[in-house]
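Report on one structure; see the data block that follows.
Protein chains: 2
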Amino acid sequence: MPGVYKDMAMSAPRAPEQRFESLVDALREAILTGRYAPGTRLLQEELAEAFGISRIPLREALRRLEGEGLVVISPNKGAIVRPLAPKDVVDLYELRLALESLALRRAAERFVDLREITKTRHAEARRAIATSNLPALFKLDRDFHADIAAASDNPHLVAALGAQWSQIMRVMHAYFQVEMYPEAVWDEHEAIVDALAHGDAGAAVNVLTRHLSESRDAILSHLRARVSV
Amino acid sequence: MPGVYKDMAMSAPRAPEQRFESLVDALREAILTGRYAPGTRLLQEELAEAFGISRIPLREALRRLEGEGLVVISPNKGAIVRPLAPKDVVDLYELRLALESLALRRAAERFVDLREITKTRHAEARRAIATSNLPALFKLDRDFHADIAAASDNPHLVAALGAQWSQIMRVMHAYFQVEMYPEAVWDEHEAIVDALAHGDAGAAVNVLTRHLSESRDAILSHLRARVSV
DNA sequence: CTCCGCTAGATTGTATACAATCTTCTGATC
DNA sequence: GATCAGAAGATTGTATACAATCTAGCGGAG
Chain A
1 MPGVYKDMAM SAPRAPEQRF ESLVDALREA ILTGRYAPGT RLLQEELAEA FGISRIPLRE
61 ALRRLEGEGL VVISPNKGAI VRPLAPKDVV DLYELRLALE SLALRRAAER FVDLREITKT
121 RHAEARRAIA TSNLPALFKL DRDFHADIAA ASDNPHLVAA LGAQWSQIMR VMHAYFQVEM
181 YPEAVWDEHE AIVDALAHGD AGAAVNVLTR HLSESRDAIL SHLRARVSV
Chain B
1 MPGVYKDMAM SAPRAPEQRF ESLVDALREA ILTGRYAPGT RLLQEELAEA FGISRIPLRE
61 ALRRLEGEGL VVISPNKGAI VRPLAPKDVV DLYELRLALE SLALRRAAER FVDLREITKT
121 RHAEARRAIA TSNLPALFKL DRDFHADIAA ASDNPHLVAA LGAQWSQIMR VMHAYFQVEM
181 YPEAVWDEHE AIVDALAHGD AGAAVNVLTR HLSESRDAIL SHLRARVSV
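Protein chains in written order, with the numbering used here: chain A, 1 to 229; chain B, 1 to 229.
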């Protein structure tokens with residue numbers, strides 16, 4: 001019964017005007033969290049039924065994700081979640097370092113201070129580690145790097161970093177365990193924002209470089225142990 | 001008369017399997033070259049008729065371009081070519097410098113030599129200037145920077161640079177005249193690949209930094225003179 | 001036994017049709 | 001004259017239906 005939302009002001013979970021955006025978000029989230037793993041075939045009828053819609057809007061959502069680089073669509077073959085090889089991880093981290101370094105330099109110029117929020121997240125991360133809450137750790141990690149990106153005040157940089165993060169997240173969800181999230185990660189986050197608060201972008205970039213190398217190598221060692229999807 | 005291509009092997013301009021990709025390419029090209037200027041409303045029925053298709057595949061193409069950041073679609077309002085403000089130009093060039101610098105460093109590590117092809121393009125550019133062939137100049141410029149990107153051997157970097165280039169190209173097509181393409185541009189291209197051939201990525205990045213600053217400022221001075229779309 | 005060619009089922013591609021929403025214009029009211 | 005309600009037209013959103021293509025399995029030829 002469409003149009004019913006209009007009568008239940010402020011109670012519907014989402015306005016009907018952004019139904020499509022919600023659909024895309026749901027699909028994207030499912031891909032990012034590994035529910036649809038790299039290489040998975042995305043059958044239109046199946047997905048459409050799952051979302052309670054016809055194939056028309058679903059196909060549009062897939063095209064959007066294709067444009068974002070999360071899905072590959074072959075004519076008359078259908079859509080699959082974009083595969084990721086070890087070289088992709090190397091290339092993505094190389095790219096991400098360049099982008100995030102730029103964000104740090106711009107954030108330093110703007111005297112951004114992220115120490116408080118980062119400290120808070122560190123505490124939350126300790127609790128998440130104690131309870132083996134991996135999704136919470138992912139979210140805290142994502143929030144930190146999203147803050148760095150936003151601090152650049154460059155929406156195009158934010159978008160580019162978001163695209164990188166999406167790809168990296170897909171690999172992490174596929175190959176990371178709670179044990180692979182050393183608490184040193186959160187110390188490094190604090191070191192980065194400390195340097196940033198002192199306006200020392202160079203030092204912040206140095207820590208970031210080490211931070212990303214460790215993360216990349218951890219992923220690669222686990223990725224190479226398995227077959228590349 | 002669909003299906004007719006199957007009989008004319010090797011003569012059809014494109015295989016029917018990539019009809020959709022051709023549609024997206026045509027739309028993208030029209031946006032990049034300013035035929036559909038920033039802010040232009042993209043009416044579905046009108047475009048569908050122009051391409052001789054129904055609105056279904058056209059809408060999918062628009063969703064793809066939305067994912068690529070070239071189009072903005074508002075629910076029940078339709079699609080417009082993504083607007084560009086002066087700050088976008090600043091942000092895009094900042095981002096592009098970081099990306100292209102990375103590409104240069106990676107190209108230097110790989111001992112890539114682009115001197116020959118760049119010299120050839122310089123000669124072609126002189127002819128294009130003499131005949132006031134602006135589209136040719138744009139293409140030569142694009143080809144040069146695409147070579148730099150490809151030399152990085154990082155497909156994700158290539159994609160990110162391609163996205164930047166698309167946005168920049170839209171501004172250039174809107175505000176550039178032949179007179180604004182000084183021949184110094186092509187000298188700088190040669191200086192960049194010379195430094196690259198000597199493995200001096202630092203020098204190459206220095207020239208690139210100047211090169212992009214000049215290009216950006218030329219665009220900004222003309223953009224600010226008009227109303228921002 | 002292997003390799004084709006063929007058919008049936010599954011899946012994708014898209015034109016049509018209609019519903020939902022927005023926009024514009026008109027005319028009434030103040 | 002300004003403002004607003006309402007209707008008509010324009011435009012977008014999507015479900016349905018069917019055509020085109022692909023895939024898997026089967027049977028026959030070599």
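Built from N, CA and C at the ideal position, the CB exists for glycine as well.
- Annotation for S54/B: no beta strand (DSSP E) segment contains it, and DSSP assigns it neither H nor E.
- Under the 10 Å beta carbon count, Q164/A is surrounded by 16 or more other beta carbons and is classified as buried.
- D88, D91, L92, E94, L95, A98, L99, S101, L102, R106: these are the residues of the stretch 85-109 of chain B whose beta carbon lies less than 8 Å from some beta carbon of chain A, given in chain order.
- Taking 4 residues as the minimum length, the alpha helix (DSSP H) runs contained wholly in the stretch 25-97 of chain B are 44-51, 55-68, in order along the chain.
- Per DSSP, reduced to three states, the secondary structure at H122/A is helical.
- C-alpha of D91/B to C-alpha of L47/B: approximately 31 Å in a straight line.
- CA-to-CA, the gap between D147/B and R110/A works out to about 34 Å.
- At a Cβ-Cβ threshold of 9 Å, R59/A and V72/A do not count as neighbours.
- Secondary structure at P182/B: coil, using DSSP grouped into helix, strand and coil.
- Taking a contact as a CB-CB distance under 8 Å, the pair L32/B and H173/B counts as one, their CB atoms being some 7 Å apart.
- Secondary structure note for D143/B: its alpha helix (DSSP H) is the uninterrupted segment 134-151.
- Using a CB distance cut-off of 9 Å, R64/B counts as an interface residue toward chain A.
- Sixteen is the threshold: since fewer than 16 other Cβ atoms of the shown chains lie within 10 Å of the Cβ of R41/A, the residue is exposed.
- Between Q44/A and A79/A, the C-beta gap is smaller than 9 Å, which places the two residues in contact.
- Chain-ordered, the chain A residues with CB closer than 7 Å to the CB of A160/B read L95, A160.
- Within 8 Å of the CB of H211/B, no CB atom of chain A is found; the nearest one sits about 18 Å away.
- One alpha carbon belongs to E188/B, the other to K139/A, and they sit about 45 Å apart.
- Counting along the chain, V112/A sits inside no alpha helix (DSSP H), nor does DSSP assign it H or E at all.
- When the Cα atoms are used, H211/A and V158/A turn out to be separated by approximately 19 Å.
- A distance below 9 Å separates the beta carbons of L196/A and A107/A.
- Restricting attention to V193/B, D88/B, E100/B, the CA atom closest to the CA of T120/B is found in V193/B.
- A distance below 9 Å separates the beta carbons of I219/B and V171/B.
- The beta-carbon distance between L95/A and H156/B, rounded to whole angstroms, is 5 Å. This is short enough to meet the 8 Å contact definition.
- Within the stretch 13-42 of chain B, the residues whose Cβ lies closer than 7 Å to any Cβ of chain A are, in chain order, E17, Q18, F20.
- Going by C-alpha positions, F176/B is about 55 Å away from E179/A.
- Comparing C-alpha distances from A125/A to each of L114/A, D141/A, E116/A, D113/A shows the shortest one belongs to D141/A.
- For N206/B, the enclosing alpha helix (DSSP H) covers residues 201-224.
- In this chain, the alpha helix (DSSP H) harbouring Q164/A covers 155-175.
- Rounded to whole angstroms, F51/A and L97/A show a C-alpha spacing of 37 Å.
- Proximity of chain A to R142/B at the Cβ level (cut-off 7 Å) is not reached, the minimal Cβ distance being about 19 Å.
- Within the same chain, and ignoring the five residues on either side of V205/B in sequence, the residues whose Cβ sits closer than 8 Å to its Cβ are S101, L104, R105.
- Counting only Cβ-Cβ distances below 7 Å, P135/B has no contacts in chain A at all, with the closest Cβ about 26 Å away.
- With distances taken between CA atoms, R35/B lies nearest to P135/B out of L114/B, P135/B, I56/B.
- Residue-level contact by beta carbon fails for H122/B and chain A, as no gap is shorter than 9 Å.
- Counting C-beta atoms within 10 angstroms of its own C-beta, D88/A has 16 or more neighbours from the protein chains shown and is therefore classed as buried.
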